[in-house]
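First residue of the sequence shown: 114, per my numbering; consecutive thereafter. C-beta: ideal position from N, C-alpha, C; glycine also. Report on the following structure.
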Amino acid sequence: MPIAPHPQNTDELYEALQENDRRPYGRTRTVTAEELVESAEQFAEPRPLVHALLALQKAYNYGSEPRKAPVVFARVLTLFDEQPDVFDERLRHTLFWRFKWVAGALVALPEMPLASLRQWLTEMRDRYEKAGLELQPYYGEAYRLAAHVGEETDLAFELWAGRTRTRLSDCEACEICVRAVHHLAAGDDERALRTWEPVLAGKESCQEEPARSVSYALLPLLRTGRTDRARELHLTGYRACRRNPSMSGEIGRHLEFCALTGNEARGLELLAENRNLFDEVESPLDLLSFLTGVEVLLQRVEALGHGGLPAAGYAGRSWTVTGLRAEVRGRADDLAARFDARNGTTAHTDRRSARLDRAPLLDALELTLRARGLDDVAPAAPAAAPAARTAADIPESLTELILRARALDEQGHLDATACWARLRTLVAAPDYVHPDDPAVGPLVLLRADLLEDEAGRAAEKDEYAAAVALHKEAASLYEEAGAPGHAALSRACAVLPTGDIPGEDTDGADAKAAALTAAHAALVRLHEETPGLAPYQEARLLRLRATALGLRLQTSRDEEAVAPVFAEVDLLLDFATRHDIAGQVSGALLLRASTYAVSGDLPAAVTETDALLDRLKEHGPAWHLPRTLALRGRIRLGLRNAQDAYADLTESLRLLADWPSGTGAGARVHGDLAQACIHLGRPDEALRHLTRSAELELRHGSRTDAFCTYSNAAQLSLELGRVEDCIALLDSLLAEPDVAAGELDDRLVAQLRMHRARALHAGEDLKAATAEFAALAAESAGWDDDPGSHAVIAAETAVLLAESGEFGRAREAADQALAAHALAPRHEQLSSCLRELARLQAERQGAEGLADALALLADAGTVADEARAAGYEARGRSLDSALAFEHGRVNAYAGEYETALAALDQALTLLGEPGPGEDQAGEWAECVRLAAVVEGRYLERTAPALTRLDGAVSRLTALGHTEETGPLTSLAARLRDEK
114 MPIAPHPQNT DELYEALQEN DRRPYGRTRT VTAEELVESA EQFAEPRPLV
164 HALLALQKAY NYGSEPRKAP VVFARVLTLF DEQPDVFDER LRHTLFWRFK
214 WVAGALVALP EMPLASLRQW LTEMRDRYEK AGLELQPYYG EAYRLAAHVG
264 EETDLAFELW AGRTRTRLSD CEACEICVRA VHHLAAGDDE RALRTWEPVL
314 AGKESCQEEP ARSVSYALLP LLRTGRTDRA RELHLTGYRA CRRNPSMSGE
364 IGRHLEFCAL TGNEARGLEL LAENRNLFDE VESPLDLLSF LTGVEVLLQR
414 VEALGHGGLP AAGYAGRSWT VTGLRAEVRG RADDLAARFD ARNGTTAHTD
464 RRSARLDRAP LLDALELTLR ARGLDDVAPA APAAAPAART AADIPESLTE
514 LILRARALDE QGHLDATACW ARLRTLVAAP DYVHPDDPAV GPLVLLRADL
564 LEDEAGRAAE KDEYAAAVAL HKEAASLYEE AGAPGHAALS RACAVLPTGD
614 IPGEDTDGAD AKAAALTAAH AALVRLHEET PGLAPYQEAR LLRLRATALG
664 LRLQTSRDEE AVAPVFAEVD LLLDFATRHD IAGQVSGALL LRASTYAVSG
714 DLPAAVTETD ALLDRLKEHG PAWHLPRTLA LRGRIRLGLR NAQDAYADLT
764 ESLRLLADWP SGTGAGARVH GDLAQACIHL GRPDEALRHL TRSAELELRH
814 GSRTDAFCTY SNAAQLSLEL GRVEDCIALL DSLLAEPDVA AGELDDRLVA
864 QLRMHRARAL HAGEDLKAAT AEFAALAAES AGWDDDPGSH AVIAAETAVL
914 LAESGEFGRA REAADQALAA HALAPRHEQL SSCLRELARL QAERQGAEGL
964 ADALALLADA GTVADEARAA GYEARGRSLD SALAFEHGRV NAYAGEYETA
1014 LAALDQALTL LGEPGPGEDQ AGEWAECVRL AAVVEGRYLE RTAPALTRLD
1064 GAVSRLTALG HTEETGPLTS LAARLRDEK
């Protein structure tokens, strides 16, 4: 089925060829190019066919289909021989340039005899000589063949490298790469890197460079100690070639780099992202390079004991690392043997062996913000136990283990988690035999205990519905086992989470507070109706009662809700003190401190935590220390005492290391530390804490929280200018299976994609950024419940489209943003968008674009009027003064200088004279500068312009704004010189 309609004349054909040339290389572009050749054959004129054939050869060349490219070129060459007049100078240049492409395509095919390769080079030399062309390009291809075969490479290199470049030579970047790889093969890393420097520094580039050079330079950079540079280039270089079949060899070298730097988990992630290459790479030579890189990675993963991990491989079946490695090894060995048989050497087998025999160059190199190990990508075992402090904490005897777990659970001891996890594994075994011991009780009692533990872990992950169901099931089993106290406690635990789950028909804090009030009443009734509770059970019930009211206060922030919380806390504290239940005493004191904090009395909260910490250090329990320190740290953050907060949180994190890591406590502490670091001016450290917090949340099973934290980390990394780090992080997150399958919240995924689009824009990849924003704008148009977000997304899309010169589409996106803004106002974002669109259109189109630019500014004026009527105050620049300034700039771009000057004077009036503060000094100075440019340069009123500038400089200097005077002083000096 045709991909595009067939052109009916040559004009349509040329338009179709141009449109196809804008497509990315791949199957769609190639099939379209094939169809356009068929269309060109219907025309009597041969030149359109030549253009179509050359476009098809280009699609084959960069689409990694070397078998087809020479056949197409043979048709072009025949047309050249038969009708040379059809080929103008440009087509003739292209024809002789493409001889090199054919040479490269033939080398990549092991079935092509060596004699035929040499015959083609002879043909190329003869054709060049006959056409009076210099032979440097021929010698370049002769060297490439010698390097491929592995014979007489030094001589071939000298014959090529010593010759002067010609118009038909490969670009500087490509030739630099060939020279550097030659030095690399000779073992001279330093010389290779010196040779590569212009390409790696971005001074020379082309279609394939610097991505190709980067992939080769990674290991020599490591070997010479330039690890930071290697890391930076890996991030930029990989992004330039990912999923691209014509750069599969480069992908293989990036996988090898991951394997040799302790980043095996990232390597597996990148392998999954490039799974398409197993089936789409048609070049046997490229495939050999790719598969060897894949094998280096898989070999390393298997050597580390993770051969059973899943790996992305050939389509049609699931693979493990071990299974895929065996498949890859067989195919790559076969390819290497075929090339060596064709060439009569062992070069390719030797090169493969050298790559596979390399030892890791570094134990660990942090490549991305999301540093993960192989344990992090292993499928989670449902009964996996967090590591306890010592193995001795878990008894070997089954009876002792059950009794130990229950004793620890009564205390609220964190080591109970490891005991229950071990018991869960034992009970699930088919050969499990329950102890016949009255002290242990029946199996149904143990099953109830395990359900209760599972419910607690579900609640920790905010899986409240699952927790309620498990508590209720446990209560039934406890009743069956004749343990009414345990059953009552399970039912109580099932009551509380319901107060934390807004129902489908509830909306807002009031409904949630009412649900918590009902939960508290139910807990009181249950307490009163259940006689004979053990002291630790009754204390837990009292703790649940206090917690319910504490949650209600946290939800409602109602002053009248404070006293009932303190009353319940006092009941718990009195009971726990009388019965010497240390864990509940400290729990009550912790609740009291939290209540002071929630009610806004932060100094009292600090006093309470100080006293509690003293008590815990003397009487315990020790596992409450990290939690209390973390609370005091958060309170101190609220008091803007970031330094002491940082100390508390750091100590909390240190103490948490002594306890099981299965809870989410560490994740929250890392998140709080990130806030403290931001306040202390240490954003890079904050970024590390954010990513660590997110990874702990993932391990804990809180995926939504983890992705929210990662979103914050991405935004922070972008603010820090770490663009490639931001993109790499987001690429990793968006490749997660549940994201790809649409299982994660779509708004959260959209937020991640928006961060990525902004990062692409910051990284000057305007095309990719615009495409991502346009896709997001189309999706968010259907968010009827959130038009405000669509307004922001559509506004940013409009700006990027305008930056790309697509002003028609930009106007359409702006209209979408305005329509959404009417439903959910976003005054500042819309005003900024419309002003920027107007500026870009006037700057690019001058007087021709003035009418459209002024229409955009009129819309911005309407937005400013609406904001004023609504009492909205912009967080940044005043909407009115910013609009007046833009009127001045737009009219200046269009040559309407009188109008521009009047608008700029209006902007200065709206801004008012600057004061000692720096809020408006910079904006005011820039407005003065632009007005002076218009007045002095374009209206040629030098004297008033100088008066304006001198007065502004004096005013700013007197106020201490010396930095802002620089541009004004410089402009005044130039105007005086021109005068």
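At least three beta-carbon pairs within less than 8 angstroms, the region 440–452 to the region 764–773 = Contact fails between the region 440–452 and the region 764–773, because fewer than three Cβ pairs, one in each stretch, are under 8 angstroms apart.
task = Rank 192, 1024, 311 and 143 by C-alpha distance to the C-alpha of residue 162 and give the top, closest one.
result = Put simply, of 192, 1024, 311 and 143 the residue whose alpha carbon is nearest the alpha carbon of residue 162 is 192.
key: Rounded C-alpha distance that separates residue 689 from residue 818   = So the two alpha carbons sit approximately 34 angstroms from each other.
task = Starting from the C-beta of residue 153, find all residues in its chain whose C-beta is less than 7 angstroms away, skip the five residues before and the five after it, and write them out in chain order.
result = 126, 161, 162 and 165
Buried versus exposed call for residue 936 [16 or more other C-beta atoms within 10 Å across all chains shown] = exposed
inquiry  = What residue range does the alpha helix (DSSP H) around residue 296 cover?
reply    = Segment 285–298, the alpha helix (DSSP H) holding residue 296.
ask   = Between residue 774 and residue 607, what straight-line distance do the alpha-carbon atoms span, to the nearest angstrom?
value = Caution applies to residue 774, whose pLDDT of 49 falls short of 50 and renders its modelled position unreliable; the model cannot decide the point.
Validate contact between the region 470–480 and the region 357–376 using beta carbons, cut 8 angstroms, 3 pairs = Enough Cβ pairs lie closer than 8 angstroms, so yes.
inquiry  = Under 8 angstroms: do the region 906–916 and the region 877–888 share three or more Cβ pairs, one atom per stretch?
reply    = yes
task = With DSSP as the reference, please indicate the residues paired to residue 423 in a beta bridge.
result = 433
query = Hey, is the region 1006–1018 in contact with the region 952–961, meaning 3+ C-beta pairs nearer than 8 angstroms?
reply = Yes, the region 1006–1018 is in contact with the region 952–961.
query = Rounded C-beta distance between residue 682 and residue 659? I'm assuming under 8 angstroms.
reply = 5 angstroms
key: Where the alpha helix (DSSP H) through residue 173 begins and ends   = 159–175
inquiry  = If contacts are defined as beta-carbon pairs under 8 angstroms, then residue 789 and residue 762 qualify, I think. What distance do you get, rounded to the angstrom?
reply    = 6 angstroms
key: Cβ-Cβ distance between residue 362 and residue 391 below 8 angstroms   = no
task = Would you be able to state if there are at least three C-beta pairs under 8 angstroms between the region 638–648 and the region 667–675?
result = By the Cβ criterion, the region 667–675 is not in contact with the region 638–648, since fewer than three pairs of Cβ atoms, one from each stretch, lie closer than 8 angstroms.
task = Round the Cβ separation of residue 872 and residue 905 to the nearest angstrom and send it over; I've been treating them as touching at under 8 angstroms.
result = Not really, about 17 angstroms apart at Cβ, beyond 8 angstroms.
query = So the alpha helix (DSSP H) residue 129 belongs to, where does it begin and stop?
reply = Its alpha helix (DSSP H) spans residues 123–134.
message = If you reduce the DSSP assignment to three classes, tell me which class residue 66 lands in.
response = Because the chain is modelled from 114 through 1092, residue 66 falls outside the range shown and cannot be assessed.
key: Classification of residue 713 by the beta-carbon crowding that lies within 10 angstroms, buried from 16 upward   = Label assigned to residue 713: exposed.
key: Three-pair Cβ contact test at 8 angstroms for the region 583–596 versus the region 626–635   = no
message = Quick check on this structure: which residue in 243, 218, 245 and 244 has the alpha carbon closest to the alpha carbon of residue 233?
response = Of 243, 218, 245 and 244, the smallest CA-CA separation from residue 233 is found for 218.
ask   = Which residues in the same chain have their Cβ closer than 8 angstroms to the Cβ of residue 503, if we skip the five residues on either side of it in sequence?
value = In this prediction, residue 503 scores a pLDDT of 46, lower than 50, which makes its location untrustworthy; the coordinate-derived value is nonetheless stated afterwards. Here the set comprises nothing.
task = Specify the secondary structure class of residue 1012 as computed by DSSP and reduced to three states.
result = helix
inquiry  = Rounded to whole angstroms, what is the Cα-Cα separation between residue 816 and residue 794?
reply    = 29 angstroms
ask   = Under a Cβ-count criterion, where at least 16 other Cβ atoms within 10 Å of its own Cβ denotes burial, should residue 678 be classed as buried or exposed?
value = buried
inquiry  = Looking only at its chain, what residues have a beta carbon closer than 8 angstroms to the beta carbon of residue 336, apart from the 5 residues adjacent to it on each side?
reply    = 302 and 474
request  = Assign residue 918 to one of two classes, buried (16 or more other C-beta atoms within 10 Å of its C-beta) or exposed (fewer than that).
outcome  = Its Cβ having fewer than 16 others within 10 Å, residue 918 is exposed.
C-beta contact flag for residue 348 and residue 838 at 8 angstroms = yes
key: Within-8 angstroms CB hit, residue 217 to chain C   = In the structure shown, chain C cannot be found, because there is only a single protein chain.
key: Proximity winner among 991, 464 and 264, relative to residue 457 (alpha-carbon distances)   = Nearest C-alpha to residue 457: 264.
Which of helix, strand or coil DSSP assigns to residue 1004 = Residue 1004: helix per DSSP, three-state reduction.
request  = Quick one: using the 10 Å Cβ neighbour count with 16 as the cut-off for buried, is residue 752 buried or exposed?
outcome  = The residue in question, residue 752, is exposed, as its Cβ has fewer than 16 Cβ neighbours within 10 Å.
query = DSSP three-state call for residue 509: helix, strand or coil?
reply = Assigned with DSSP and collapsed to three states, residue 509 falls in coil, not helix or strand.
Through-space distance from residue 932 to residue 399, alpha-carbon basis = Across the structure, residue 399 and residue 932 are spaced so that their CA atoms are roughly 50 angstroms apart.
request  = Could you have a look at residue 76 and say whether DSSP puts it in helix, strand or coil?
outcome  = An answer regarding residue 76 cannot be provided, because it is not within the stretch 114 to 1092 covered by the chain.
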